Amino acid sequence: MLERFYPNEYVNSVEDIDFDMYYKQGIRGVIFDIDNTLVPHGHPATDKSIEFFEKLRKIGLDTCLISNNQEPRVEPFAYAVKSKYIFDAHKPSTRNYKKAMELMHTDVDSTIFVGDQIFTDVYGANRTGIQSVMVKKIDKKEEIQIVLKRIPEKFILWRWKKKMSKTDMSK
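Residue numbering for the sequence shown follows the numbering used here, starting at 1145 and increasing by one per position.
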């Protein structure tokens, strides 16, 4: 039952993701959440995030940002990092994950999703059939509705880690 919320991978930050490996495995598109995944909530794109997206393009990866935020938040960030974007995405609905793949000309086998929340980001990617990579949130400051979701999220991550350690021991 809880497996539908499990990420395929869980890392400290986007810098810890081996995008070269994903490219070698046939991944050509990366869908990203913005807030607390790439920058602290509400912050603009930084030089570091701009360089990060340039690195992804050099690898050969296309990108699309999908956010539940409105366009005034998403568009300037997308413009700065030179990425496609979808605002007011209604994650975890699968509709805009599919739209992001259309924009990048990818499919479920050639796309991964990167985000910081289980109940919107990871669950939506999993429902769509996309590999999901969860990153630890960047900043402690979050809106109250997100803070409240973090409580059951901790339990799900604990269960996921327990399952992963059993899988590692069986090898």
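Glycine included, C-beta positions come from ideal geometry on N, C-alpha and C.
Remember, predicted model here, so these are calculated numbers, not experimental data.
Can you give me the Cβ contacts of residue i inside the same chain, cut-off strictly under 8 angstroms, excluding the 5 residues immediately before and after it?
i     : result
G1186 : D1179 and R1217
E1219 : Y1229 and F1231
G1170 : D1253 and S1254
Considering residue i, what are the terminal residues of the alpha helix (DSSP H) in which it resides?
i     : result
S1193 : D1191 to I1203
D1353 : This structure cannot settle anything about residue 1353, because the visible part of the chain is limited to 1145 through 1315.
T1272 : Y1267 to T1272
Using a Cβ-Cβ cut-off of 7 angstroms (strictly less than) and excluding sequence neighbours within five positions of residue i, which residues of its own chain qualify?
i     : result
S1227 : F1197, T1207, C1208 and L1209
Does the separation of the CB atoms of residue i and residue j fall below 9 angstroms?
i     : j     : result
S1211 : I1194 : no
T1255 : G1173 : yes
I1175 : M1278 : no
Would you give the residue range spanned by the beta strand (DSSP E) that residue i belongs to?
i     : result
F1221 : It is not in any beta strand (DSSP E) - F1221 instead sits in the alpha helix (DSSP H) that spans E1215 to V1225.
T1207 : D1206 to I1210
Y1154 : E1153 to V1155
I1175 : G1173 to F1176
Apart from the five residues just before and just after residue i, which ones in its own chain have a Cβ nearer than 6 angstroms to its Cβ?
i     : result
G1259 : D1177, T1181 and D1265
- Query: Can we say the stretch 1289-1297 touches the stretch 1162-1177, given the rule of at least three CB pairs closer than 8 angstroms?
  - Reply: Result no; under three Cβ-Cβ pairs closer than 8 angstroms.
- Tell me the start and end of each unbroken beta strand (DSSP E) in the stretch 1227-1261 that is at least 3 residues and wholly inside, in chain order. You should have 1228-1230 and 1255-1259.
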